[in-house]
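Take a look at the structure set out below.
Protein chains in written order, with my numbering: chain P, 427 to 888; chain L, 427 to 888.
Structure below.
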């Protein structure tokens, strides 16, 4: 039962001229009169659909004429080039087997559905044009990421999801257990005895693979992770999910300037790859989701990203003739409204670097001014912060001092701190939220619509 | 501070002849007399090391001569071709900066360490030859998998890790929570009130993305997942870990025979890719881990995998002149000893297909004999079961009947069962444990040694 694929028809239309093909797929819509009819048909292999022409010579002409959206059919027929039509070719059907006919119970009828409604049928929404485009871009962007890093000789490392190491704060991590909640073992003080759990202690699912990634960078020079991460944040915003994918490269013998070079090069590589591989999808998204999407992406390719110190950003914000919700402050954080202003001010992507040490993590390299750390966030127009990275503190004494100043528990990260004694080197890394990237690439504004089955507070269906 | 890379030296040695380079990396060993010395040097970019020659013209000749294994140095010097030596070139150092000198506290001294010892320093073991080889092969195999599927127009789908859907049995899934174990909210019956948890109900981390993958296959035709999965099994064997990575492709309009075609093609693609990309690593593994590894891999490429029914395998086992620990039985499972015998019997990979329905899952396609299901396991010499797959039951009434017969709770999978009403089609899929694959590719026999930071019962360090 070898089948032809619509993707291949579009790629090699000429070769299929007057050829017999057989394709299994699904009806998007049908219109017919008493003599003949047309089916808008997809097999899922391509964003573009195939038009099937059928006529009353079909033994099941009546049934086919009345077939419902979403029905499965197996069609045989001849490919005819139609250079004057909107579609470059169509299939003239000789046989149409109806494998599974849907009825009016089928939730996706031929009309526009709201994204809110579609979220409630997450298992069916990938069949709609919007999600066909989004999830194909997502897949393509993932491949671009692997290609960029592998072509540049990075080693892909699968850092552990289950962990007892506290990277980003254990209050933000999900606890995991095999114990029975209704019958928890207790120690002699009446507290739950986690030593009875599978790992013999409390374990978590992780919010970052960075610390483990650093250990591998000091062995393989350049590594990247690409996997799921978790946060327990109880916030219902357009940009937060409790499960999301992250890319975390880590590079030995690399300082902050070189890190920015890598971030810029990687982002351009991904954007170029997606533009090349997903022309139909981006055209659709440009038309129906974000006007100007393609222009935005093409512009990024030719732009040189601005690099500016955090303190200079604050100066610009202070001088701006804007009534801020959060007043910009020296030594303070950059709010969403500031991110937006600064990318519009420079009309392109902006690296904000050398952040006040008090609002950043203990592992970031302390600058000579003793006031800032060698951290950098990349802000992009329309999406805000896309990547966050830093040069890491490679000096053992200094990182111990920072841990103590910031009240970091050194017990679970002793091995990580030891990396500063055992072959330490200048090294840097960054994290990129994969969903943020997909939102940027597709113009989709809600993170729930770029994740196959999103997990947000009170929402863990499927 | 742009650095050259040893990887690049090996790839383009001629171009570097008499060129000045600067490389940051780590000392593997040093030997010196009063006049000159040699450093065996790695920068992590390549399995092969670089020999650095230095002499007493160096201002820090004394310190360099006494430098310890694992120390970080930044070396400048000229590349000299040495076609008569074991290495094709070496660096004549003009400057060596000692960035971080280790001392005798450094756990990896210049000697052979046991894998058991190395597991205890999982954050340092990637610096050893064995793990340099293993984790580079792992990275390379991951890339091969993405390339195979993307070249064949599969969509990469990130199925959720957090789930409330029961695919493989919730007793085998870790529970997750944000609640405080020592202060759990109770309902009026005194049971823990999971409605107070972040998702409003008990949620798990998943053991499979298959069910979600099927939903996407019915939209995109061909999809694959590649991500972490979890099992709570409390078993300490060489082949079990509580966290591992799986690849789960799912293909619409594909029956069991076609599925086997895909599995065979994919495995050969991966093996060929790794042979091409990791020659130094495989040579090392062939020499020091599994004699005959390369021969085994090359043989696989040219073999045609056997396809045989489960019942015929049982016949062969029964006729065998072997004293079994587990007597082979019609309708019974295939034990490890049987797997081993049957791959040796056929002297190559074997697909065992059409399994007794009672020992397989509810979602597998019931064959016309009403006794077997269209399931297939791939057994490979030396590694046992590498993949398990099946044609899926696409008929709504039949899958409901199977759920009822097998006592499967239909409540959490109603959406999955609905896929059989809404555009159902013949479809098939399989799962491959990524670590099993890496063990097969490297000859490593313990799963703990192919995972960067393995998680097994009582073992969740780092």
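All C-beta atoms, glycine included, are put in the ideal place defined by N, C-alpha and C.
Bear in mind the structure is a predicted one, so any value in this text is a computation, not a measurement.
Buried or exposed by the 16-neighbour rule on C-beta atoms within 10 Å, applied to residue i
{"i": "residue 705/P", "result": "exposed"}
{"i": "residue 779/P", "result": "buried"}
{"i": "residue 702/P", "result": "exposed"}
{"i": "residue 641/P", "result": "buried"}
{"i": "residue 452/L", "result": "buried"}
{"i": "residue 410/P", "result": "Within the shown structure, residues of chain P are numbered from 427 to 888, placing residue 410/P beyond reach of any answer."}
{"i": "residue 858/L", "result": "buried"}
{"i": "residue 718/L", "result": "exposed"}
{"i": "residue 892/P", "result": "Because chain P spans 427 through 888 in this model, residue 892/P falls outside it and cannot be assessed."}
{"i": "residue 611/P", "result": "exposed"}
{"i": "residue 497/L", "result": "buried"}
{"i": "residue 601/P", "result": "buried"}
{"i": "residue 543/P", "result": "exposed"}
{"i": "residue 687/L", "result": "exposed"}
{"i": "residue 833/P", "result": "exposed"}
Member of the options whose CA lies at the smallest distance from the CA of residue i
{"i": "residue 504/L", "options": "497/L, 494/L and 515/L", "result": "515/L"}
{"i": "residue 812/L", "options": "519/L, 879/L and 861/L", "result": "861/L"}
{"i": "residue 658/P", "options": "605/L, 747/L, 520/L and 887/L", "result": "605/L"}
{"i": "residue 535/P", "options": "747/P, 494/P and 791/P", "result": "494/P"}
{"i": "residue 518/L", "options": "763/L, 764/L and 464/L", "result": "464/L"}
{"i": "residue 709/P", "options": "788/P, 559/P and 823/P", "result": "559/P"}
{"i": "residue 528/L", "options": "564/L, 733/L, 499/L and 556/L", "result": "499/L"}
{"i": "residue 822/P", "options": "537/P, 543/P, 467/P and 845/P", "result": "845/P"}
{"i": "residue 459/L", "options": "444/L, 746/L and 492/L", "result": "492/L"}
{"i": "residue 721/P", "options": "774/P, 682/P, 748/P and 747/P", "result": "774/P"}
Below-8 Å beta-carbon distance, residue i vs any chain L residue
{"i": "residue 718/P", "result": "no"}
{"i": "residue 601/P", "result": "yes"}
{"i": "residue 750/P", "result": "no"}
{"i": "residue 581/P", "result": "yes"}
{"i": "residue 704/P", "result": "no"}
{"i": "residue 532/P", "result": "yes"}
{"i": "residue 787/P", "result": "no"}
{"i": "residue 438/P", "result": "no"}
{"i": "residue 879/P", "result": "yes"}
Same chain, Cβ closer than 6 Å to residue i, five either side skipped, listed in chain order
{"i": "residue 581/P", "result": "646 and 649"}
{"i": "residue 769/P", "result": "776, 805 and 807"}
{"i": "residue 848/L", "result": "none"}
{"i": "residue 386/L", "result": "Given that chain L is displayed from residue 427 to residue 888, the structure contains no residue 386/L and the question cannot be resolved."}
{"i": "residue 541/L", "result": "875"}
{"i": "residue 868/L", "result": "560, 563 and 711"}
{"i": "residue 566/L", "result": "700, 703 and 704"}
Proximal residues to residue i (C-beta, below 7 Å), its chain only, five neighbours per side dropped
{"i": "residue 698/L", "result": "727"}
{"i": "residue 571/P", "result": "652, 673 and 696"}
{"i": "residue 841/P", "result": "none"}
{"i": "residue 781/L", "result": "736, 798, 799 and 801"}
{"i": "residue 765/P", "result": "805, 810 and 811"}
Minimum Cβ-Cβ distance from residue i to chain P less than 8 Å
{"i": "residue 522/L", "result": "no"}
{"i": "residue 537/L", "result": "no"}
{"i": "residue 497/L", "result": "yes"}
{"i": "residue 550/L", "result": "yes"}
{"i": "residue 851/L", "result": "yes"}
{"i": "residue 631/L", "result": "yes"}
{"i": "residue 624/L", "result": "yes"}
{"i": "residue 662/L", "result": "no"}
Alpha-carbon spacing of residue i relative to residue j, whole angstroms
{"i": "residue 477/P", "j": "residue 469/P", "result": "12 Å"}
{"i": "residue 490/P", "j": "residue 818/L", "result": "26 Å"}
{"i": "residue 836/P", "j": "residue 828/P", "result": "11 Å"}
{"i": "residue 851/P", "j": "residue 588/P", "result": "28 Å"}
{"i": "residue 831/L", "j": "residue 824/L", "result": "10 Å"}
{"i": "residue 663/L", "j": "residue 506/P", "result": "60 Å"}
{"i": "residue 644/L", "j": "residue 879/P", "result": "15 Å"}
{"i": "residue 792/P", "j": "residue 545/P", "result": "44 Å"}
Any non-hydrogen atom of the ligand ADP closer than 7 Å to residue i Cβ
{"i": "residue 663/P", "result": "Summarising the ligand content, the structure contains no ligands, and the ligand ADP is consequently not present."}
8 Å CB neighbourhood of residue i in its chain, flanking five on each side removed
{"i": "residue 508/P", "result": "514, 515 and 516"}
{"i": "residue 785/L", "result": "757, 758 and 759"}
{"i": "residue 751/L", "result": "761 and 763"}
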